[in-house]
Amino acid sequence: MSTWVVGKIIEVKRWTDKLFSLIVQAPVNTFIAGQFTRIGICVNSMIMQRAYSYLNAPNSPNLEFYIATVLEGKFTPLLRDLRSGDTIMLTKEAYGHFILDEIPSCKNLWMLASGTGIGPYLSILEDHNERLNQFSNIVLVHAVRFYKNLNYLSRMKKLKNIYSSKLRVQTIISQEELSGSLFGRIPTLIENNSLEKKVGLNLDVSNSHVMLCGNPQMISDTKEVLKKKYGMKDHMRRNPGHITQERYW
Ligand SMILES: Cc1cc2nc3c(=O)[nH]c(=O)nc-3n(C[C@H](O)[C@H](O)[C@H](O)COP(=O)(O)OP(=O)(O)OC[C@H]3O[C@@H](n4cnc5c(N)ncnc54)[C@H](O)[C@@H]3O)c2cc1C
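If you're matching positions, the sequence shown starts at 1 in our numbering and goes up one per residue.
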């Protein structure tokens, strides 16, 4: 049974008609960057709940969640209508293994995100955990449909300034062309070498680990390319590999 705590919404950032971020204060337990909590809302005396990744670093005073409204969904249309001052419920404990402790040491860490899947990577990178020292290079890739969906680009650029040459930041847009961004989808851009060329780093089974977060179709298509093209395999504690994933649905 989960222990629920009450969270107070401090701010709702409405980025687009579908994308929003909740800034929340709540007495949750300390989490590990990359983990998620469950957000609950009372509907007809029952708690309706869904999983959301922490986007903020664990030592941040406010909790932050980056959320996409699913118009036909049961939960997000209710969540989207909340305002600052409203309350939600959150599980006191955090969950999940999409964390640096689970990633084997290697030279190049690739963090590939689609949509709101950028959240855990920002939490991990803003945490500045010493475990990041085990990687020589980190590639942060955010794939979205339109430029207006790159709502955390300024935070990504700030991280680039902090980590300097250790961190490469690359945006991908699938529905419009924009200078500096790659055009297309993550799996295709890996398959035709465009992503490697653009970031100036090779994906190599001998020195790379790939984290994938967000849309399950992006994850399965990307895994297929990584497996076929580079001979990578899923990473498990007892059977180490090169791919770690967090599927959002
Ligand atoms: C570990 C974990 C962490 C997650 N973290 C986040 C997060 O940080 N931000 C976030 O936005 N979501 C996140 N999710 C997804 C979230 O838990 C919900 O599934 C999502 O918000 C949809 O809820 P809903 O009730 O509105 O839709 P539902 O009624 O649950 O789903 C309706 C259908 O919509 C589709 N769907 C679900 N999510 C999406 C989506 N994001 N985009 C398009 N279609 C979708 C699915 O096909 C689903 O069957 C996470 C999921 C998991 C498992």
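Cβ coordinates follow ideal geometry from the N, Cα and C atoms, glycine included.
{"Check": "Is lysine 227 helix, strand or coil when you go by DSSP?", "Outcome": "helix"}
{"Check": "In the DSSP assignment, the beta strand (DSSP E) including lysine 8 goes from what residue to what residue?", "Outcome": "4-14"}
{"Check": "Given the structure, does isoleucine 67 come close to ligand 1, in the sense that its CB is under 7 angstroms from one of the ligand's heavy atoms?", "Outcome": "yes"}
{"Check": "Return yes when the C-beta of arginine 50 is under 7 angstroms from any heavy atom of ligand 1, and no when it is not.", "Outcome": "yes"}
{"Check": "Looking at valine 199 and methionine 232, is the spacing between their C-beta atoms short of 8 angstroms?", "Outcome": "no"}
{"Check": "So, are the CB atoms of leucine 140 and leucine 125 less than 8 angstroms apart?", "Outcome": "yes"}
{"Check": "When you compare the CB positions of phenylalanine 250 and isoleucine 173, do they come within less than 8 angstroms of one another, or not?", "Outcome": "Absent from the model: residue 250. The displayed extent of the chain is 1 to 249, so no value can be given."}
{"Check": "Per DSSP, which residues does tryptophan 110 bridge with? Please list them.", "Outcome": "Val139, Val210"}
{"Check": "Buried or exposed, going by whether 16 or more other CB atoms sit within 10 Å of the CB of cysteine 213?", "Outcome": "buried"}
{"Check": "Return the CA-CA distance between isoleucine 47 and threonine 91, expressed in angstroms with no decimal places.", "Outcome": "11 angstroms"}
{"Check": "Considering Cα atoms alone, identify which of Asn108, Tyr152, Ser114 is closest to methionine 218.", "Outcome": "Ser114"}
{"Check": "Taking 7 angstroms as the cut-off, does the CB of serine 53 come closer than this to any heavy atom belonging to ligand 1?", "Outcome": "yes"}
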